[in-house]
Amino acid sequence: MAKTEVKTSLLDNMIGVGDMVLLEPLNEDTFIDNLRKRFDHNEVYTYIGSVLVSVNPYRSLPIYSPEKVEEYRNRNFYELSPHIYALSDEVYRSLRDQDKDQCILITGESGAGKTEASKLVMSYIAAVCGKGAEVNQVKEQLLQSNPVLEAFGNAKTVRNDNSSRFGKYMDIEFNFKGDPLGGVISNYLLEKSRVVKQPRGERNFHVFYQLLAGASEELLNKLKLKRDVSRYNYLSLDSATVNGMDDAANFRTVRNAMQIVGFLDHEAQSVLEVVATVLKLGNIEFKPDSRVNGLDESKIKDKNELKEICELTGIDQSVLERAFSFRTVEAKQEKVSTTLNVAQAYYARDALAKNLYSRLFSWLVNRINESIKAQTKVRKKVMGVLDIYGFEIFENADNSFEQFIINYCNEKLQQIFIELTLKEEQEEYIQEDIEWTHINYFNNTIICDLIENNTNGILAMLDEECLRPGIVTDETFLEKLNQVCATHQHFESRMSKCSRFLNDTSLPHSCFRIQHYAGKVLYQVEGFVDKNNDLLYRDLSQAMWKTSQPLIKSLFPEGNPAKINLKRPPTAGSQFKASVATLMKNLQTKNPNYIRCIKPNDKKAAYIFSETLVRHQVRYLGLLENVRVRRAGYAFRQAYGPCLERYKMLCKQTWPHWKGPARSGVEALLNELEIPVEEYSFGKSKIFIRNPRTLFKLEDLRKQRLEDLATLIQKIYRGWKCRTHFLLMRKSQIVIAAWYRRYAQQKWYQKTKSSALVIQSYIRGWKARKLLRELKHQKRCEEAVTTIAAYWHGTQARRELRRLKEEARRKHAVAVIWAYWLGLKARRELRRLKEEARRKHAVAVIWAYWLGLKVRREYRKFFRAYAGKKIYEFTLQRIVQNYFLDMKNKMPSLSPIDKNWPSRPYLFLDSTHKELKRIFHLWRCKKYRDQFTDQQKLIYEEKLEASELFKDKKALYPSSVGQPFQGPYLAINENPKYKKLKDAIEEKIIIAEIVNKINRANGKSTSRIFLLTNNNLLLADQKSGQIKSEVPLVDVTKVSMSSQNDGFFAIHLKEGSEAASKGDFLFSSDHLIEMATKLYRTTLSQTKQKLNIEISDEFLVQFRKDKVCVKFIQGSQNNGSVPMCKRKNNRLLEVAVP
1244 MAKTEVKTSL LDNMIGVGDM VLLEPLNEDT FIDNLRKRFD HNEVYTYIGS
1294 VLVSVNPYRS LPIYSPEKVE EYRNRNFYEL SPHIYALSDE VYRSLRDQDK
1344 DQCILITGES GAGKTEASKL VMSYIAAVCG KGAEVNQVKE QLLQSNPVLE
1394 AFGNAKTVRN DNSSRFGKYM DIEFNFKGDP LGGVISNYLL EKSRVVKQPR
1444 GERNFHVFYQ LLAGASEELL NKLKLKRDVS RYNYLSLDSA TVNGMDDAAN
1494 FRTVRNAMQI VGFLDHEAQS VLEVVATVLK LGNIEFKPDS RVNGLDESKI
1544 KDKNELKEIC ELTGIDQSVL ERAFSFRTVE AKQEKVSTTL NVAQAYYARD
1594 ALAKNLYSRL FSWLVNRINE SIKAQTKVRK KVMGVLDIYG FEIFENADNS
1644 FEQFIINYCN EKLQQIFIEL TLKEEQEEYI QEDIEWTHIN YFNNTIICDL
1694 IENNTNGILA MLDEECLRPG IVTDETFLEK LNQVCATHQH FESRMSKCSR
1744 FLNDTSLPHS CFRIQHYAGK VLYQVEGFVD KNNDLLYRDL SQAMWKTSQP
1794 LIKSLFPEGN PAKINLKRPP TAGSQFKASV ATLMKNLQTK NPNYIRCIKP
1844 NDKKAAYIFS ETLVRHQVRY LGLLENVRVR RAGYAFRQAY GPCLERYKML
1894 CKQTWPHWKG PARSGVEALL NELEIPVEEY SFGKSKIFIR NPRTLFKLED
1944 LRKQRLEDLA TLIQKIYRGW KCRTHFLLMR KSQIVIAAWY RRYAQQKWYQ
1994 KTKSSALVIQ SYIRGWKARK LLRELKHQKR CEEAVTTIAA YWHGTQARRE
2044 LRRLKEEARR KHAVAVIWAY WLGLKARREL RRLKEEARRK HAVAVIWAYW
2094 LGLKVRREYR KFFRAYAGKK IYEFTLQRIV QNYFLDMKNK MPSLSPIDKN
2144 WPSRPYLFLD STHKELKRIF HLWRCKKYRD QFTDQQKLIY EEKLEASELF
2194 KDKKALYPSS VGQPFQGPYL AINENPKYKK LKDAIEEKII IAEIVNKINR
2244 ANGKSTSRIF LLTNNNLLLA DQKSGQIKSE VPLVDVTKVS MSSQNDGFFA
2294 IHLKEGSEAA SKGDFLFSSD HLIEMATKLY RTTLSQTKQK LNIEISDEFL
2344 VQFRKDKVCV KFIQGSQNNG SVPMCKRKNN RLLEVAVP
């Protein structure tokens, strides 16, 4: 699709009319035709003055890009074509620059695009406001609250695949710079009846389908769920899947959004458990049973579902089963228990499911508010965004209590819309000193009074019927309406005494009709009383309160037996009426801005514009009446400056520049154009034009004048272009000629210079060659004499060399012959001596053998009996003797940590070898211990205790093994600065160390002196030495730290103790292992109880009355060895460790 053209004004290149106030003629047909024309050209936004009308295109348009955001940023409201960004920018700039609280009211029927409009407003505000880490976090949390609320509050309907089934009002809070600080969300009338029953073709809330489609098998098993949607009675099967909607991906998006908003893991798990409980409640079925006394009662058919529900919620099965079968009624001091029949049991089951889900949704809204609320207490500017259901009219009398409440809310919004629109018009006329003419319009106060009057209003009579003793039905309520409202001109009923409705066949007997501002609506009275009662049996509330799950228990505070309240809870109608009153009061304190959303067709398809459907919406939104209110005075108004700038070319006095005031220029312009004076009025800063025809006349004249000016500009430009081209060519010719003459002279000079150089070089070469020949001849003569002399001297030297060589050769031959002779004589003598020695050795050997033979013959009789044993014992003795002598020389050092030991030489010595090793190690350990003093023994005992506490648990422990435990690192007794501190402490100081105390509010660190004595733990100021805190050791319950390589630790204090008034202490120390060990030993010595040392990467600490989760994440340390701590929200403190 081609990129849309950038428009510089609302009136430029208009498709239809951009502002309906300028529509001429004005009637319903031209209004709808203008909407159609703009819709067909992808112009989905149209103005009615400052009101924005949005038609849902049911497709993506290229008009929401970052470029579009920059295009509309800081621009006048009417400067560009109508767009939701223009309204958002106007609201944001009014909030930021004029310090006015703003609100945006988004209305329309289901499927008209209200939710998407609110998202676009919030995304634009997020894009144009300030930047920064904290600001971006706030913006991300505000934006991510939408997926969570949509999952739990939106559902597929026949009109909309993502229909909001609740009303939402969000107050976004800004600081003086316009940066968001946080927000507060209010919800109105969740359609909780959808939990137990959905119309054909519609679905239950999205979260049920997302959970079954996107949860892992492990999570489903924990929640005792199956992935098959058909297993659950509360889920419709005909619309289980929606085209274009990925429930599994949306579930992951919701889980991620909950994490960004600030939900803890156990909170998210508890929410999913409640959702699973609601699903499984629908599978509980009942069967009839009769008691002996003849009363009907009910029993649960299959108790497996009940058992799984009890396991999920932590409720005793017998308690919940009884709550489904009996109802207890209390009156003063009496209690009456009655059985429930099957119909009543099903009613109780559905009531529990609806209340459980509705209260969970309210808890989610409150939990989100806790995370996104502004943390600072400075003055804030507020922008409210209201996304609430539009006027609903169903066919075939399907309008029930929900539609009645919704239409009542729209009546109140229409009332405040008319009042504030007229007020805005009146204020502008008064401000501009324009005469004000009264505007006649329909005031719907009479309809609001019919519904909300405290004495005879419909809601008051409905509450009165619900509280009346006796038999109360929908028919008795209708009868009462007929009695009280029969004469009201906007109330119609077949059963009323007014004869004009007796023969009206379109009005059934069980219905009544109200003439709303948007038209007549027929309400089916069936279900009004039950839905207004919204009754949940007290037995079920008490059963829910007995759960072991904290979330469910907090949802049913009325179930607490200690807080039994016999007062009847407020009805649904009265609650909604009070909420609407609060909303109206809130809106009246802010400057209102309106977005009216229109659905073009019922098929949810692009390019289709249903005139009948749009006409219906235009009527009930009161858009035509809005235009008439706006046009009752003046149809168009514009500041003098922009007006003069736009139309100054129509007057010779103001063209091209007007040097006087802008108002005088506009007066001169209108006088020259001869515009009748009754068609305009001059305000203080604006010109007011009464009739759109006058404006269109000005636009036509401007268009014609622009064409004339364009022709004039083209003529002047062409002449200027030709003259410029001629002058440029003339100048170019002069430049080219000058450059050519210069080039020719340079070329002639270079040629002449080159010729002179060649001639000079030839002459110099000839002279040089002549001189060279003379020098070579002279040198050659000198070299000839030298060569002849050298040859003669060489001949003489060679002759002398030959003579000397011959003489030396003769002398060497004599020496060689003599050496050979001497060698021959020596070798002969050596052979003679070897032969003689060989004969002597042979005689000695023979004699030795002879002596041995004689000895063996003499002693043979003695060795035959004991020779083997003697030889074995002798051999064994020698082996053992050699083993011990060898061990003596190979003994290891006397260090106890030396693990070296000689290897055994023989296998049979294995046990002896090991025993010797053990005895030697014990001996050298004793020798090593005998050297210790009493102080060294105490240090090694502490090191041993530290090993038992932290070895293989804390990554910091290995680095502390080689560091001696010193205890008092500060010389308090010697430093005169700490004299006051020394005098205040009477006990022995075990530890004196500088630690970093972590601030509980913002995570910043402060240096403190940490002192441990026999009975107390003290914190003192590092500079003054003044004691800040003193904690008895009996009040210390636990020490928590991470398993990482950091020095961060928390000291938990006993709840209720004086020291625990501000909460637990957070420290960071370079000697964590020593401090924790000494604190453990001292506490054990004094209290005879072991101090709990918790090592975990996520633990809870107590800050005043709040539980805060301390979570360790991977990150860098920005202040040396002090971990970086950051308070994410009221329930989370993140500690960055390396």
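Per our numbering, the very first residue in the sequence shown carries number 1244; after that it's consecutive.
All C-beta atoms, glycine included, are put in the ideal place defined by N, C-alpha and C.
Here the structure is a predicted model, which means the values were calculated and not measured.
Margin query: I need the DSSP call for A1821, collapsed to helix, strand or coil.
Written below: In the structure shown, A1821 sits in a helix (DSSP, three-state: H, G or I).
Item checked: Inter-residue spacing [alpha-carbon to alpha-carbon] between V1378 and M1365 -> 14 angstroms
Notebook entry, point to check: Which whole runs of the alpha helix (DSSP H) in the stretch 1548–1620 are 4 residues long or more, in chain order?
Noted result: 1560–1568 and 1585–1615
Next item on the list: Compute the Euclidean distance between the alpha carbons of L1750 and S1736, then round it to the nearest angstrom.
Entry: 7 angstroms
Notebook entry, point to check: Around the Cβ of E2072, are there at least 16 other Cβ atoms within 10 angstroms (buried) or fewer (exposed)?
Noted result: E2072 comes out exposed.
Checklist line | Coarse secondary structure for Q1441, derived from DSSP in three states | finding: coil
Next item on the list: Flag this pair as yes or no: are the beta carbons of V1857 and I1841 separated by less than 8 angstroms?
Entry: In contact: V1857 and I1841 (Cβ atoms closer than 8 angstroms).
Note to self: Can you tell me where the alpha helix (DSSP H) holding N1493 begins and where it ends?
What the structure shows: D1490 to V1504
Check: Can you tell which of V1260, K1940, H1900 and I1930 has the C-alpha that lies nearest to the C-alpha of E1917?
Finding: K1940
Check: Within this structure, are the beta carbons of K1789 and V1562 separated by less than 8 angstroms?
Finding: yes
Checklist line | Pairwise C-alpha distance: L1515 and R1495 | finding: 13 angstroms
Notebook entry, point to check: Can you give, in chain order, each stretch of the beta strand (DSSP E) that sits fully within the stretch 2025–2088 and has at least 3 residues?
Noted result: Complete beta strand (DSSP E) runs here, min 3: none at all.
Margin query: Quick check on the burial criterion: 16 or more other C-beta atoms within 10 angstroms. Buried or exposed for M1626?
Written below: buried
Next item on the list: Find the nearest neighbour of V1608 within the set S1429, T2325, A1500 and L1323, judged by alpha-carbon distance.
Entry: S1429
Check: Per DSSP, what kind of secondary structure is L2262 in: helix, strand or coil?
Finding: When DSSP states are grouped into helix, strand and coil, L2262 belongs to the strand group.
Checklist line | Boundaries of the beta strand (DSSP E) in which G1762 is found, first to last residue | finding: G1762 to Q1767
Checklist line | Counterpart residues of N1834 in DSSP-defined beta bridges | finding: Bridge partners of N1834: Q1345.
Next item on the list: Look up N1642 in the DSSP assignment and say whether it is helix, strand or coil.
Entry: strand
Notebook entry, point to check: Between the stretch 1687–1707 and the stretch 1784–1802, do at least 3 Cβ pairs fall closer than 8 angstroms?
Noted result: no
Next item on the list: Within the same chain, show all residues whose beta-carbon is closer than 6 angstroms to that of D1651, passing over the 5 residues directly before and after it, in chain order.
Entry: Going by the sequence as given, residue 1651 is Tyr instead of Asp. Closer than 6 angstroms at Cβ, skipping near neighbours: I1694.
Checklist line | N- and C-terminal bounds of the beta strand (DSSP E) containing Y1315 | finding: Note, Y1315: premise wrong, no beta strand (DSSP E); alpha helix (DSSP H) at P1309 to Y1315.
Notebook entry, point to check: Got a sec, what are the start and stop residues for the beta strand (DSSP E) N2335 sits in?
Noted result: For N2335, the enclosing beta strand (DSSP E) covers residues N2335 to I2338.
Notebook entry, point to check: What are the boundary residues of the alpha helix (DSSP H) that C2168 is part of?
Noted result: D2153 to R2172
Next item on the list: Note down, in chain order, each residue of its chain lying with its Cβ closer than 8 angstroms to the Cβ of S1817, except the 5 sequence neighbours on either side.
Entry: L1702 and D1706
Notebook entry, point to check: Who does H1759 pair with in a DSSP beta bridge?
Noted result: G1762
Notebook entry, point to check: Among the residues of its own chain, which have a CB less than 7 angstroms from the CB of N1476, if the five just before and after it don't count?
Noted result: The beta carbon of N1476 lies closer than 7 angstroms to those of G1525 and N1526 in the same chain, with the five residues before and after it left out.
Notebook entry, point to check: Between the C-alpha atoms of I2031 and A2040, what's the straight-line distance to the nearest angstrom?
Noted result: Separation of I2031 and A2040 (C-alpha to C-alpha, rounded to the nearest whole angstrom) is 15 angstroms.
Next item on the list: Counting only the same chain and skipping the five closest in sequence on each side, list residues whose C-beta sits under 6 angstroms from that of F1320.
Entry: A1329 and E1333
Note to self: Just to confirm the assignment, what range does the beta strand (DSSP E) spanning F1419 have?
What the structure shows: No residue range can be given for F1419, since it is assigned to no beta strand (DSSP E) and is classified by DSSP as neither H nor E.
Note to self: With H, G and I counted as helix, E and B as strand and the rest as coil, what does DSSP make of D1951?
What the structure shows: helix
Notebook entry, point to check: By Cβ distance below 6 angstroms, which residues in the same chain neighbour S1924 in space, the five residues on each side in sequence not counted?
Noted result: These residues qualify, in order along the chain: I1677 and F1931.
Margin query: Using CA atoms only, rank isn't needed, just tell me which of L1629, R1570, S1580 and V1518 is closest to F1604.
Written below: Considering only L1629, R1570, S1580 and V1518, the residue with the shortest C-alpha distance to F1604 is V1518.
Next item on the list: Mind reading off the beta-carbon distance from L1595 to L1392? Whole number of angstroms is fine, and I expect it under 8 angstroms.
Entry: Contact doesn't hold; Cβ gap of about 23 angstroms is too wide.
Item checked: Validate contact between the stretch 2218–2226 and the stretch 2267–2276 using beta carbons, cut 8 angstroms, 3 pairs -> yes
Item checked: Distance between T1664 and I1956 (C-alpha atoms, nearest Å) -> Roughly 45 angstroms between the two C-alpha positions.
Margin query: Using the Cβ count rule (16 or more neighbours within 10 Å means buried), how would you classify D1262?
Written below: buried
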